[in-house]
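Undergrad: This is the structure I want to talk about, given as structure tokens.
Chains as they are written, first to last, in this note's numbering: chain A, 3 to 332; chain B, 22 to 454.
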């Protein structure tokens with residue numbers, strides 16, 4: 003009875019099947035990595051994902067309409083624009099502020115479209131047609147090019163901040179755990195973020211899904227979740243090592259720790275996924291991609307904290323052990 | 022137990038304060054969720070600026086951003102349209118009048134030296150060559166008497182100029198002009214080589230803050246004129262948002278039901294803790310005037326996830342402790358202590374990330390970092406203080422008589438209890454076996 007915790011139901015054997023899990027990870031990541039490489043070669047701006055209007059800018063068109071524009075109409079216009087091949091149009095209703103502060107009965111519909119120099123006229127013509135079908139008396143107001151919200155400089159600055167944040171996490175984990183745990187958490191994080199970026203790269207190639215500034219925030223959420231999830235498993239390994247290192251091998255401890263935290267890992271993901279799935283299936287169109295990033299992130303984050311991060315810790319330990327043995331032999 | 026009851030009432034009072042805060046002041050929602058105002062401004066050519074270049078537009082955009090969004094959390098978007106116009110969108114609750122003023126204000130700071138006659142009488146002021154462009158940064162501060170002042174730090178070149186100026190005019194007054202107006206005429210006491218200066222006068226805090234923001238943002242590279250101003254509906258579309266609101270509430274409801282069915286009574290406690298948590302976090306957002314956008318709400322959802330996670334971690338550990346036959350009081354305490362290290366480490370790493378993103382990231386990630394950090398800090402309080410307190414008050418200190426309250430079976434406990442019985446010694450030292 004000395005290993006009672008280790009004898010309890012072992013749902014997953016991380017150590018025995020570790021090559022299988024690593025292979026599975028590779029299978030999950032590879033298509034996305036290939037898609038990103040393909041995109042970087044073929045897209046004119048050499049970006050790994052299709053960049054949306056926030057990154058590239060586009061065209062803004064304004065129509066004046068002599069009646070109130072209710073949300074249902076906005077919905078109708080959006081659906082029609084999308085079915086005519088216009089991705090993620092930003093539809094807003096403007097009300098001029100008059101000098102006396104009264105609301106005038108003139109309404110302006112502002113449409114922001116993502117366009118390139120080549121397809122600008124096509125896109126504006128399509129939009130014109132759609133708006134005129136729904137509001138025959140709509141008057142074409144003005145059109146002009148609109149710059150990026152998230153310019154290159156801002157994006158680069160944000161990425162530098164994110165890299166520094168990751169570095170800080172590695173340092174923190176090295177202090178609180180050990181460097182090999184920090185390294186494994188870092189690899190798990192890269193694993194998760196690469197997977198989500200890869201999926202969106204594939205979606206970009208096959209379905210023309212663009213990413214915008216909200217996507218950047220969603221990826222940050224994935225990053226936060228990934229680290230959070232991994233740490234919980236590592237915390238259990240750390241604790242078990244403290245109590246059992248004389249009784250059991252490191253690999254046994256890892257196996258036991260993963261199984262002990264399994265219920266928690268699954269339940270936590272399940273609760274967060276419940277909220278996100280509700281938002282995905284019943285929520286609005288404009289936030290769907292954003293929610294999808296988080297759903298994918300949580301699924302892969304849970305997978306990696308159970309199957310990937312701990313496997314890496316075990317591998318790193320094996321490497322260390324074999325080095326030790328070699329020096330001992332010499 | 023007495024302390025526990027006091028703590029309970031503290032929690033109740035905190036919750037009531039939060040509800041009052043929320044009902045008194047509506048949340049500030051961002052452009053994407055609530056809409057706001059759209060202002061179009063156009064860069065103007067002047068006698069000295071014959072043509073507006075792209076560089077000037079970039080500089081204008083950057084300066085305006087720093088002026089109307091000095092903290093970076095106001096969730097304002099600025100986009101260039103056409104060749105020389107900027108489209109600025111600001112959330113509804115922003116002070117339009119101030120924004121309008123800030124768009125046209127100049128921010129010229131100049132140190133002037135006195136023009137003297139033979140007897141050192143001051144005839145007038147002339148430029149000393151030291152201006153706002155020599156500044157490193159400006160800060161608010163108070164002097165020894167508690168009066169508000171603007172504290173200036175010059176860059177290398179500015180510090181040299183200032184040292185020369187103070188050396189030359191020691192014992193004489195110099196004048197500080199802001200936007201063409203003399204705001205202070207201090208007498209130079211000694212040569213100042215450190216590159217620091219203070220502007221003291223009878224300023225209010227608001228005046229000082231405005232000057233500091235303007236000085237830090239710098240002067241507009243080209244003059245700009247407001248062309249049009251419109252109220253604007255949310256960028257994410259009212260149609261979409263109404264659906265998402267419904268979906269979010271539905272999702273939260275399902276999560277609460279799940280907690281209740283899986284963890285039973287502790288699940289109920291966690292649900293209550295979660296409601297208290299949401300109220301406190303929202304109250305903090307309201308009081309601090311954070312503008313909530315979808316990105317901010319993402320941070321909030323993630324922090325809810327982590328709050329639920331903390332509760333789940335604690336309950337799983339408490340269950341394990343109960344299975345090994347501990348009394349309720351010890352099981353709850355040990356469950357919390359064991360879960361604490363992982364909650365602490367995971368939340369600390371999140372907070373570190375947020376701090377770095379907040380101070381170094383651009384405006385799009387600042388709001389996210391702020392809401393996530395607030396959320397995580399409160400979630401630690403909620404899980405460790407609120408949940409623990411409620412558990413103790415609810416269950417007291419005896420043996421667990423009805424395992425179904427925790428979603429456990431009688432058999433689970435008895436089996437493990439006997440196993441643990443053989444190792445009483447070890448159990449004392451908190452060893453899980």
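We put the beta carbon where it would ideally sit given N, CA and C, even for glycine.
Remember, predicted model here, so these are calculated numbers, not experimental data.
#1: DSSP has residue 132 of chain B in a bridge; who is on the other side?
#2: Taking the straight line between their C-alpha atoms, what separation do you get for residue 358 of chain B and residue 351 of chain B?
#3: Closest to residue 427 of chain B by C-alpha separation, out of B/379, B/389, B/335, would be which residue?
#4: Pull up the CB-CB distance for residue 168 of chain A and residue 191 of chain A, whole angstroms please, since I reckon it's below 8 angstroms.
#5: Are the beta-carbon atoms of residue 112 of chain B and residue 52 of chain B separated by less than 8 angstroms?
#6: Residue 142 of chain A bridges to which residues according to DSSP?
#7: Measure the beta-carbon distance from residue 220 of chain A to residue 319 of chain B and round it to whole angstroms, keeping in mind my assumption that it falls under 8 angstroms.
#8: What do you reckon, are the CB atoms on residue 194 of chain B and residue 212 of chain B nearer than 8 angstroms?
#9: State the DSSP-derived secondary structure class of residue 121 of chain A, mapped to helix, strand or coil.
#10: Under 8 angstroms Cβ to Cβ from residue 164 of chain B, same chain only, skipping five residues before and after it: list those, please.
#11: Can you find a C-beta in chain B that's less than 8 angstroms from the C-beta of residue 222 of chain A?
#12: Hey, could you find the ends of the beta strand (DSSP E) residue 156 of chain B is sitting in?
#13: Closer than 7 angstroms by beta-carbon distance: list the chain B residues that pair up with residue 237 of chain A, in chain order.
#14: From residue 226 of chain A to residue 57 of chain B, what does the alpha carbon distance come to, in whole angstroms?
#15: Could you compute how far the alpha carbon of residue 454 of chain B sits from the alpha carbon of residue 248 of chain A?
#16: Got a sec, what are the start and stop residues for the alpha helix (DSSP H) residue 287 of chain B sits in?
#17: Between the alpha carbons of residue 137 of chain A and residue 101 of chain B, how many angstroms are there, rounded?
#18: Along chain A, in chain order, which residues have C-beta atoms closer than 7 angstroms to that of residue 265 of chain B?
#19: Pop quiz: residue 184 of chain A and residue 377 of chain B are said to be a contact at Cβ under 8 angstroms. What is the actual Cβ separation, rounded to whole angstroms?
#20: At the 8 angstroms Cβ level, is residue 171 of chain A part of the contact set with chain B, yes or no?
#21: Under DSSP, the beta strand (DSSP E) around residue 98 of chain A begins and ends at which residues?
#22: Which class does residue 313 of chain A belong to by DSSP, given the choice of helix, strand or coil?
#23: Show which residues of chain A have a CB atom less than 7 angstroms away from the CB atom of residue 101 of chain B.
#24: Name the chain A residues that come within less than 9 angstroms of residue 337 of chain B, Cβ to Cβ?
#25: At a CB-CB cut-off below 8 angstroms, which residues of chain B make contact with residue 73 of chain A?
#26: Is residue 370 of chain B close to chain A, meaning its C-beta is less than 8 angstroms from at least one C-beta of that chain?
#27: Rounded to whole angstroms, what is the Cα-Cα separation between residue 5 of chain A and residue 407 of chain B?
#28: Applying the 10 Å Cβ sphere with the 16-neighbour rule, what's the burial state of residue 29 of chain A?
#29: Any contact between the stretch 300-311 of chain A and the stretch 16-34 of chain A? By contact I mean 3 or more CB pairs, one from each, below 8 angstroms.
#30: In angstroms with no decimal places, state the Cα-to-Cα distance between residue 303 of chain A and residue 194 of chain A.
#31: Can you list, in chain order, the residues of the stretch 297-323 of chain B whose Cβ is nearer than 8 angstroms to any Cβ on chain A?
#32: Would you please verify whether the beta carbon of residue 438 of chain B is less than 8 angstroms from any beta carbon of chain A?
#33: Please name the residue, chosen from A/115, A/250, A/156, A/329, that lies closest to residue 59 of chain A on a Cα-to-Cα basis.
#34: Verify whether the separation of the beta carbon atoms of residue 312 of chain B and residue 94 of chain B is less than 8 angstroms.
#35: How many angstroms separate the CA atom of residue 154 of chain A from the CA atom of residue 57 of chain A?
#36: Which residues in chain A have a C-beta closer than 9 angstroms to the C-beta of residue 59 of chain B? List them in chain order.
TA: Reading from the atomic positions:
#1: B/151, B/197
#2: 10 angstroms
#3: B/335
#4: 7 angstroms
#5: yes
#6: A/65
#7: 6 angstroms
#8: no
#9: coil
#10: 170, 219, 221
#11: yes
#12: 156-163
#13: 362, 363, 366
#14: 31 angstroms
#15: Bear in mind that a pLDDT of 36 at residue 454 of chain B, under 50, signals an unreliable position, so the number given afterwards is only what the model happens to contain. Cα-Cα distance, rounded: 14 angstroms.
#16: 259-309
#17: 29 angstroms
#18: 281, 285, 286, 289
#19: Residue 184 of chain A to residue 377 of chain B, Cβ: 16 angstroms. No contact.
#20: yes
#21: 92-98
#22: helix
#23: 149
#24: 262, 263, 265, 266, 269
#25: 258, 259, 260, 263
#26: yes
#27: Note that residue 5 of chain A scores 42 on pLDDT, short of 50, meaning its location in the model is unreliable; the coordinates nonetheless yield the value given after this. Roughly 35 angstroms between the two C-alpha positions.
#28: exposed
#29: yes
#30: 6 angstroms
#31: 315, 316, 319, 320, 322, 323
#32: Low per-residue confidence applies at residue 438 of chain B: pLDDT is 45, beneath 50, and the placement is therefore not dependable enough to give any value.
#33: A/115
#34: yes
#35: 8 angstroms
#36: 94, 96, 112
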